[in-house]
Each structure stands twice: as structure tokens, then as C-alpha cells.
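Chemist: Input: one structure, supplied below.
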Amino acid sequence: MRQLNGQTFYSPSDLTEFHDSPFASWCKLCHRATGGEFPTPDPEDAFLKMLQDAGEAHELGLVKQLHEEGRNVVDVKKLCPGSDFLKQHQETVRLMKEGAEIIFQAALMDEPFAGYADFVVRVNTPSDLGEHSYEVWDTKLSKTAKVTHLLQLVAYAQMLEKIQGHMPNTVTVVLGSGAFESYPTAEYLPYFSVTKEKFIAAATNFDQDAMPDPFESREYGSWSTFAEALLAERRHLSLVANIRRSQIVKLNSAGILTIDELAELSDLSQVKIPNATLEKLREQAQVQIATEQAGTPQYRLRSPKPNEPELFSMLAPFSSGDIYFDLEGDPLTEGSLEFLWGMTVFDDNGKQDFIAYWAHNQEEEKQALAKFFELTLARWQRYPQMRVYHYAPYEMTALKRLVARYGIYENELDEMLRAELFVDLYKVVKSTLIIVQPSYSIKKVELFYRDARDTEIGLGGDAVVAYQQWTELGDKTILDAIELYNKDDCDSTYELAQWLRGLQAMHRSEIAQAAHDVADKEGAAEREKKPDDNLATKQALQKLADAQSDELERYAIETLMYLIDFHAREDKPKWWQFFEWLNAFDEELIEERNVIIDCNVLDRSDVSLRIRCNTEQEMSLSMGAGFALKMPEFPELSGAVKGKVSELFDDETFELKMTGNGAEQAPDQFTLVSQEFVPTGPLKKSLVELAEQVVRQKALPDDVAIEIIKRAAPRFSKALDTLSANRCSQNERVGQIAQLVEHLDRSYLTVQGPPGTGKTYTAARVIGHLMHNYPQLAIGITSNSHKALNNLLKKVAEYCAEQGIACTFYTSKLDEELEALGVDSYEQNTKAVRFVRPNVVMGGTAWVFSRKDMANTLDYLFIDEAGQVALANVIAMAQSTRNIVLLGDQMQLGQPTQATHPLDSGLSALDYLMKHEQVVPEDKGVLLNRSYRMHHDVLGFISSMVYQGRLEADDANKNQRIDVTSNDTIKKKSGIEFHPVEHDGNTVASDEEADYIQQLYQQLLQAHYTDKNDKQQLITSDAILIVTPYNLQVQRLKQRLPKGARVGTVDKFQGQEAPVVIFSFCSSSPDESPRGLDFLFDIRRINVAVSRAQALAIVVGSPRLLDVCATSIPLMKKASLVAELGRVGR
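Numbering (UniProt numbering), first residue to last: 1 to 1130.
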């Protein structure tokens, strides 16, 4: 902040402080306005001074490096010494006009911002300066770029635009490692603009009597002591242990503002929180208040509710082999890094020891992971009753992620989980005790069983902060302090287990010793009898990969090695999650869409149950869905009684057809847990056979599967390339693509079809072209579902019938339309090969084309919706064909995955090939760039934010419009509108939005739609699509709208269109989305939702969704998309 010509200018750092904490920003302004009298800041942080000195050294180091490289660097502050910023700004502008190569400490300004950019670098992009312009670099000590870095850089980019009349294409962070990371300015500009607008409003309208609520800020900067004192003074609900932000909002909405009011709450029905959850929150508040009054820490044993596990049932007796485990991780490192693995252990004589493994990069992390498993397996072999104790889910989440990331010890972890080797003491504490502390962190719980700690970490008090300090300063004493603190955590975990065992004995709660003994024996037996059948093949592949001098060959071989276990890796998290759900309390599962709580049997027969469930939950319920019954009161049957949905009566009533005598075993009330596992035998075998071929030949074969794994450019039998197909006229494009496909040479072609660009139309004509000119061909069509592949097969059959092209069609699942077109069925996958012959087009899933008897039977395999088909499945099917055509769009709904996979082996085929590119590169495939669906005003947003501005609308689309008479709600005839609806505490459903949409719907039914042929008609229910991310909101909307209204989740409507689309966000704020911003703001989902609209897309949502505080750059990019949606929707 500085005064220039009597006017206040703010620095980009002021903006980033506001972004992270409006409360801290207000405190700073108030402190300045009161002459430093109020509020009182925290004591000066010596670390910040060290960081500032190190940052300046990093800047000067880069200046030196640039000089050594022969670059011309001009230092503005040397040309204009002193503090005259305006003079330094004038000098900066002069240097830019003269075309200086690199300007150091450039003084930039654009009201109301001014500041010094580390480096302004000349690029060969025309601007008002001439044939050149400038981009900005900023040096940062951290190992990874952060949101605040990009906010500062975009601020400087806007200041550059003021001078040169051109917004820099990219901004660059120079990290402490010396790495340069560049980001497209346009992708982050909308988020910056929203943040800037809010900051300017707050600074301009500053009122020292209008203090922001500290609870609304995620951090407090230099004002933490002041903020914590305020919350305590106000008796804020955030003082209640384990309370969620969304629960506080719901309590506030019911008029409950303090911990005391919660403790005294008598009428639970007035709060929109499930009773069981609310009772626990109230009890927690009561215990905390009782402790305050008593003056000493207190705890209370919980009383088990009906259908809940017995207290302490998860706790095992002490074993000399036990491991007390604690991980320290750095989420700020790209991909995260578990940098310290600490374990407290004992020997046979009871001597306590501490083991620590450090990891400062991914290779060391992999080594630490291996050491951990080697140690644990050795101790388990020696001490069959040992357990690994940890506190909170972090350690287990990290282990599951890392074994998949590195492809090691996956089976071993699976066996450990089956044997219940890991014990989360946080679950034991939370299920058995109510404590007085404001949280259930181990630091708070340990006050009941040990003296206060005397270990501290550096200057930050937190391992992550301290580790970041070490990465920036390199001071080994920081690592020593972190290790000592980690040891204290591990020791405390052991002491907690012992304290809980003492409580267990005191209260005579029986441990399930027999169950643990059985797990010990079964776990050991399983380890004996479950070898990895493909271990030798994978080891041979790794050896072959290590021998490669070509990095591409090595990568391809390793990817194939990891693909072998793709399907097994995908199944493991499903099993892990299944057993976690069976052991969880129902109140913890209310937001799990694959769990249905409060199921009541209305009627039963010998084989089925008629069930009514609680509809006030997000759930996934569809025909054929498989479920297991969770019945804690019958532990021997819980999870073993199963059934499938055989009929849906309404949103809350359905029939479950049971397996065995399940209808007789089921109680009258239970919880349903999703359990759907699809056998993948043929796909696994196909991948293994390819791998074994590579091992035998000691080289990668020259075929289409390997071309895909290598990400090679398409290969043709004559001199062709994809550039001409991308740059030709629209009238020529289908013919150009057909020619490319015709001349594929044991290779593949990607055809990216954004919304409404005629992907299916194009594919049908290409296949028709092939069958007309080469009737001896055999062609396969596949996708991720029968519905998708049959849709393309139908279009091909229609086109061939229209053009008189003779060929035969087969598929496995027929419908009436296919039968009318003369398509036959081969009935079973095992019979499909009998129907493969020349002049045949055959539809089938991956389970057909990966079969061994289908090897080398096809000339072409067309894979539709390839953005949803796993790379593993594509490679498994590749054995059936010489060439593959991948049809789809990686920017629409993607492949759902459960697991983390090594390298890129877990991606869909298109995601793998595109490597995060939003548009297929011109030399790798063809983009269908003309949309025949969306009006130009809708397409503009989709094209610029999703497809790098590469799409265009068909001219006739301009005619598409909505005419609403006498209505002030809907303003536009075409384009995008954002309709803000205020609400609080909503997560997966919003009555407020549903009510608002009901009104919109009625207004639209009185409107007219003009189509692209300029034909006008009255809007009917068929002309309106209502889309939402959540099933529960679908139910709320159906309750309010006429029967036949087109309402569904985003997934349901991919591939469909309508004149009007209404999209309901539901969540009140970013913090209240149960699946997080990654899901709610997913660029693919928003793309699919908005791009269904032919004329008008109406987005209905809480205005607070535009008020996001992104915590990572990927989230910043997604929030920027929503910010732009709000801007164009004004």
C-alpha cells in the first residue's frame, strides 16, 4: 500500500492477503487507520524476515544466471535509485517502448494497483509497442506454484496490458528449484477479476466498525491471537469439537449461535441436521461446558445406540510386535509427498525404539514405502497378533494411494486390510468417548493420559509449515525438530492405546479376541495361498524396461506392466470402501451416495423385499443395482445378505430381489450398501497375453496397441497427415477423415467431437464409406455401454440403408429400432466370433473384443465415447483389430475410476493420449470444430473456456432464440443467464432452488422457441432440460414439476439437447459440497450441462459459489470457470 499523487494504491500482496483472509485484510486496514492502536498484531515472526532475505537472494541468483546466459537484464532501481515510484514507472515504460530484453524490478501501475514485478520479459507477440510485447516472471522460494503466486502475476499482467494494449498470453513462476512454470493468463483471469472486485469494494468501503466475522476466513495471518480471542468471547459454535462448517450454518439458520445455546437445545426438529448427529453435537457441547465449570479436563463414555458396535470393539490387546505409526505429509508438493515415516516399536525385552524414514522426492518416497512394508510384514510374520496403530484416517488413505501410485505391495496391503491389521485409534476414541477439548486431535486427547509436550517445531508450530521452511532455507535443524515432534506423535499413539486398554478393563468391555485370532490365522493363511500369478511377467517387463536406452520405449513397457493390474487395482478400493461402510455409524454415511440408510421393509415374499427409504439423502438407485444389507445387530450376516433392485416404484420405494434366502434373513430395518463388482476376466487375460508376448520377443510389437501406448502420431500407408483434415472446409471434413481412416496402417486415429459437432454423424459416414469401397472388411463398434455402442450402430445401419450399401449388422442386445433396421443378435459373447466375416459391422463391449478367440478378426474397431473407456480396456480390445478409431471428447464426462494408478495407466484412452490437452493437437488427430447445436452466445463461453477458442457455431444457429412475454425474470433470448438464489446450509439439495426453478418452468411453458430454420413453436416440456449434479435434487425437482419433465443428473443427459437448459448447482457454498469443488466445479460436468442448450442456458445457484477461496491451482482454474460463467450470465 502506497500513496501516489495523493491517491492510495495497493500492492498485489495486499490483494493476496485479502484473498486468504478478509479478516486479516480488515485488521491491517484498521491497524493503519487507528495509528497502530487496534487491533494488536501477533509478535513479529522472525521466520518471515529470513524468508524475505532468502527470496531476495533467489531473485539476485536468477539475475546472475541470466547474465551468464548472455541475456540483457536492466535493473530499474539501479537506473532510478531511491523511492520515487512514479519516476521508476516512467523509466519502466521507456524501457518497454525501446524493447529492452529483460527488465528487473519493473515498476508497474494500473489504478488502484502498483508494485514491482520481479522480471518483465520481451516476447515476439505484437502489441501497441510494435512487433514485441512483454510477459511477467515472478521468483518464489517454494517448490510448487500457489494460488497467491498466480494472483500476483495476473495483477502484474493487467498492469502490463495497460501499457502495451495486450494481455500477456502466459505468466511464469520461477520456483526455488529453478524450474520455470508457465500458466495461460486467460484461464485464471476470471478468478482474479472476481477477487480484485471484492478487494476493491472492501478497501474502498472500509469501515472500522464493520469487522468481518473471523469464522468466515480460513486463516488469520498476523492476527491469530486476536481472532481466537474473539471467537472465544462470542462463545462461537466453532468451539464445539468435530462440528462442521455446514452444521454451524444450519444451526445459525435455526437461531442457535453459541455453544451454550446448542447445549440447551431441546427441540431437535427445528434444525435441519439428522437427530443422531445433532444429539452427539449437543452432548459434546454439554461436556465441554461442564468441564469449563469444573475447571479440569473431563471425558465421558458414550452410551452405545441400538445397532452400533460395542465400545472398544476395535481395540486389540498389546503385542510386542505392535507398530505405532505416524506420517508427515506435504500437500503443497505437486501430487503430495509423504516426507517422514515415523514408527514407535518394541523388542522382545520391551525396549522402546523409534524408526524414521525420510523422503524428499518421489523416488525416496517409494523407497520409504517399501521399507515400511518390509518392516511391517517381517513383524507380522513373527508376531501374528500384532497391529499397526495410527490416529485418524490420513495414514491409511496415504498407503492406499501410494501402493497404487508406485505399483508395489498392493496385494500385501489388501491382505493386511482383510486381516484388520490397521487400527485407527481416532475411531476408537470418537466411538467410545466424549471429551471436553475443542477438537479430537491427538494433541488434545493426550491431555488425559500424558503431560503437556515440550517439543516444538521450528517457528511455525506445524510440520507442513516447518517442512516448507526447510525447503526454502535448507536448515537441517528444522528436520531434526520435525523428527523429534513426529517421534512424540508416535509415542503418544502408543500411550493412547495403553490408556484406552486401561479404560476398557476398568469398564469391563470385552474385546473381540476370538475375531482377532481368526483374522490372524486367516491373514497368515491367505498370504500363503494367494501368490501373484503375473509376478514373473511383471518382473521380466521391469527388467526389459530398465534395459532400454530410449525413454519412450521404457515408458511404454512400464505402462504395459502397470496395465496388467489395472482391473484388480480398481476393485480393491471398492472392497475397502465396502467394509469401511459396514463398520461405520449410519450418521457418518448420510452423505454417501452409494449407501442408503433408514430402509424399512413394507412387504416381503420368498425372494424379494418391498422397501421404503429415507429420501432426504443423496443416493444412487437404479434398476439392477446391487446392494448388501448392513445389519450391526446381526454381525455374522451383515454384508453377506444381498440383492439387486428389480423394480422402482417411486423415489423412495423399490423392490429388492434377494439372493439365496436373503428375503427371510433380512430384518425389518437396515442400511443398504452398494456392492457391484463386474468380472473382468477376458480383459485381464488379453493384457497378460500382450505382456507375455513382449517378454518372449524382448521387444514391443509393431501394432496398434503399442502405437497407442507410445502416444505415437497416426501412421498411414500413404503420404497423409491429419493437418489437412483439420484445416479443410466443413464440407470436405468427413471425406478427409474417411481417407485418413481408410489408409491407417496398424495404427489409430483420434476424432474429437465437442458438443453438437456431429461426431456420430461423421462416424456413421466414415464406416459407410469403408463398407461401400471395401466390402471385404470386418468392422467392430464398441463403447462403455450397450446403449452407446448401439446408438452408433443404429446410425450406421440407417446411413447404409439410405445409401444402398449392403452389409450385415450384429450386436449382443437388440431393441425394436435395431431389429427394424435388420440388425441381428449373436446373443452371447462366447458366440460372437462365429459371426465375424467379411462385410460385417459388429457391435460389442470390451468383454467381446478382448476375448482370445476374437484376436485378429477385425480390420477396424471404432470406439465411441473413448473419453470414458479406460486405456486398459482399449489395449485389451486392440488384439482383435488392425486399426482403431477413437471417437469422443476428453472434455466431456470422463471415465469413473476408484483407484490411483501408476504413471498414466489409470486414465481413459483419450485422456492418456491427450496428456491434459483440452483440444487434440493437429498432428495427433482431428477436431470437429463446428457446432450445429448451440447458439453463438452459448458457444462463446464453451469455446473460450473449454476448447481454447477453437469452436465455431453454424450460421443457422443464430436463429435459435426464446421469446418470453411480460417476464422480468428471464432477460435474454439466447446465451447464458446466471440466476442467484440465496440459501444456507444446503449440500446436495436446495428447496430454494427447486422452488425458483418451478417458477421458471411455468414461465417457459408460456414462451416460444424459434429453431435454426426460423420456425417458431410453443415451448413444451420436451424443450426444457433440467440438470443437476445430485440425485437428491432430482427428487426435489420431480416433486414440484409436471410428470414428464426432463429432469436428471449431468450423467443422464450427455448426448442430448434442448432449446432451454436449466442447471441447478444446489450447494449453498463451496464448503458445503459433500464431494468437494473438484466435483461441483468440474469443467467437464459444467461443459456437458451448459452445452445441452440450443438457445438459452439458465444457471441457478447460490451467489456464494462465485465467492470461492481456492486453495490450489487446479481448484483456482475450476473456480475461474465458474466465475466466468457468472460474468457472462449477468
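Yeah, the Cβ is synthetic: ideal placement off N, Cα and C, and Gly gets one too.
If you draw a straight line from the C-alpha of G1129 to the C-alpha of N411, how long is it?
Modeler: G1129 and N411: Cα-Cα distance of roughly 50 Å.
Chemist: Could you tell me the distance, in whole angstroms, from the CA atom of I408 to the CA atom of I997?
Modeler: Those two C-alpha atoms are separated by around 50 Å.
Chemist: Check whether the Cβ atoms of R244 and L433 sit closer than 8 Å, and answer yes or no.
Modeler: Not a contact, by the Cβ cut-off of 8 Å.
Chemist: Where does F1081 sit, in a helix, a strand or coil, going by DSSP?
Modeler: Looking at F1081 - three-state DSSP - the assignment turns out to be coil, as it is neither helix nor strand.
Chemist: Which residues in the same chain have their Cβ closer than 7 Å to the Cβ of M416, if we skip the five residues on either side of it in sequence?
Modeler: Counting only Cβ-Cβ distances below 7 Å, and skipping sequence neighbours, we find F422.
Chemist: Where does Y324 fall in DSSP's three states?
Modeler: Looking at Y324 - three-state DSSP - the assignment turns out to be strand.
Chemist: With C-beta atoms as the reference, is E91 less than 8 Å away from V76?
Modeler: Their beta carbons are under 8 Å apart, which means E91 touches V76 by this criterion.
Chemist: Could you tell me whether the stretch 810-821 touches the stretch 870-883, where touching means 3 or more Cβ pairs closer than 8 Å?
Modeler: Judged by Cβ distances under 8 Å, the stretch 810-821 makes no contact with the stretch 870-883, as fewer than three pairs qualify.
Chemist: Let me confirm a value: D14 is counted as buried when at least 16 other C-beta atoms fall within 10 Å, else exposed. Which label applies?
Modeler: So D14 counts as buried.
Chemist: For K813, name the three-state secondary structure that DSSP assigns.
Modeler: In the structure shown, K813 sits in coil (DSSP, three-state: anything other than H, G, I, E or B).
Chemist: Where does T559 fall in DSSP's three states?
Modeler: Correct three-state label for T559: helix.
Chemist: For A356, collect the residues of the same chain with a Cβ closer than 6 Å to its Cβ; drop the 5 residues on either side in sequence, then sort them by chain order.
Modeler: The answer, listed in chain order, is G342 and E483.
Chemist: What separation, rounded to the nearest whole angstrom, lies between the Cα atoms of S182 and G82?
Modeler: Computed Cα separation, rounded: 32 Å.
Chemist: Could you tell me whether the Cβ atoms of L500 and F312 are closer together than 8 Å?
Modeler: Going by C-beta atoms, L500 is nearer than 8 Å to F312.
Chemist: In chain order, what residues of the same chain lie with their CB nearer than 7 Å to the CB of V607, ignoring the 5 residues before and after it?
Modeler: Result list for V607: K657, M658 and A663, in chain order.
Chemist: Quick test of the definition: if touching needs 3 or more C-beta pairs under 8 Å, does the stretch 878-889 touch the stretch 741-758?
Modeler: A contact exists between the stretch 878-889 and the stretch 741-758.
Chemist: Let me make sure I understand the geometry here. Which of Y449, Q1033 and Y555 has the alpha-carbon closest to that of R593?
Modeler: The option with the nearest alpha carbon to R593 is Q1033.
Chemist: Are Q498 and C599 closer than 8 Å when you measure CB to CB?
Modeler: Not closer than 8 Å, so no.
Chemist: I believe Q868 touches Q898 by the beta-carbon criterion, under 8 Å. Please report the beta-carbon distance rounded to the nearest angstrom.
Modeler: So it is not a contact: roughly 15 Å between Cβ atoms.
Chemist: I'd like the span of the alpha helix (DSSP H) that includes M506, first residue to last.
Modeler: K476 to M506 is the span of the alpha helix (DSSP H), which, as asked, contains M506.
Chemist: For M945, which option in K710, P190, P331 and H979 has the closest C-alpha, if you only look at C-alpha atoms?
Modeler: Selected option, being the one with the closest Cα: P190.
Chemist: Go ahead and label E510 buried or exposed: buried means 16 or more other beta carbons lie within 10 angstroms of its beta carbon, across all protein chains shown.
Modeler: In this prediction, E510 scores a pLDDT of 43, lower than 50, which makes its location untrustworthy; no coordinate-derived value is stated.
Chemist: At which residue ranges does the stretch 354-409 contain complete beta strand (DSSP E) runs of 3 or more residues, listed in the order of the chain?
Modeler: Counting only runs of 3 or more, we get 388-390.
Chemist: Run through DSSP, which three-state label would L910 get?
Modeler: In this structure, L910 counts as helix in the three-state DSSP scheme.
Chemist: Do V194 and L1106 come within 8 Å of each other at the CB atom, strictly closer than that value?
Modeler: Taking 8 Å as the Cβ cut-off, L1106 and V194 qualify as a contacting pair.
Chemist: Which parts of the stretch 249-319 are runs of the alpha helix (DSSP H), unbroken and 4 residues or longer, counting only runs that do not cross its ends?
Modeler: Taking only runs of at least 4 residues, the alpha helix (DSSP H) segments lying wholly in the stretch 249-319 are 259-263 and 275-294.
Chemist: At what residues does the beta strand (DSSP E) containing P184 begin and finish?
Modeler: P184 -> beta strand (DSSP E) spans F180 to P184.
Chemist: With a threshold of 7 Å on Cβ separation, who are the neighbours of P274 within its own chain once the five nearest residues in sequence on each side are excluded?
Modeler: Taken in chain order, the residues that qualify are E587 and I590.
Chemist: Should N124 be labelled buried (16 or more other beta-carbon atoms within 10 Å of its own) or exposed?
Modeler: Counting Cβ neighbours within 10 Å, N124 comes out exposed, since fewer than 16 surround it.
Chemist: Could you name the residues of the same chain whose beta carbon sits closer than 8 Å to that of Y562, not counting the 5 residues immediately before and after it, in chain order?
Modeler: Closer than 8 Å at Cβ, skipping near neighbours: G407, H901, P902, L903 and S905.
Chemist: For A114, I'd like the list of residues in its chain whose CB is within less than 6 Å of its CB, leaving aside the five on either flank, ordered along the chain.
Modeler: Counting only Cβ-Cβ distances below 6 Å, and skipping sequence neighbours, we find F9.
Chemist: Within the same chain, show all residues whose beta-carbon is closer than 8 Å to that of G681, passing over the 5 residues directly before and after it, in chain order.
Modeler: The answer is none, since no qualifying residue turns up.
Chemist: Here's the rule I'm using: 16 or more other beta-carbon atoms within 10 Å means buried, otherwise exposed. How should G768 be labelled?
Modeler: G768 should be labelled buried.
Chemist: Which class does I708 belong to by DSSP, given the choice of helix, strand or coil?
Modeler: The answer is helix: DSSP assigns I708 an H, G or I state.
Chemist: With a threshold of 16 other CB atoms inside 10 Å of the CB of M506, please say whether the residue is buried or exposed.
Modeler: Exposed is the call here.
Chemist: Looking at I779: is its Cβ nearer than 8 Å to the Cβ of L770?
Modeler: It is a contact, given that the beta carbons lie within the stated cut-off.
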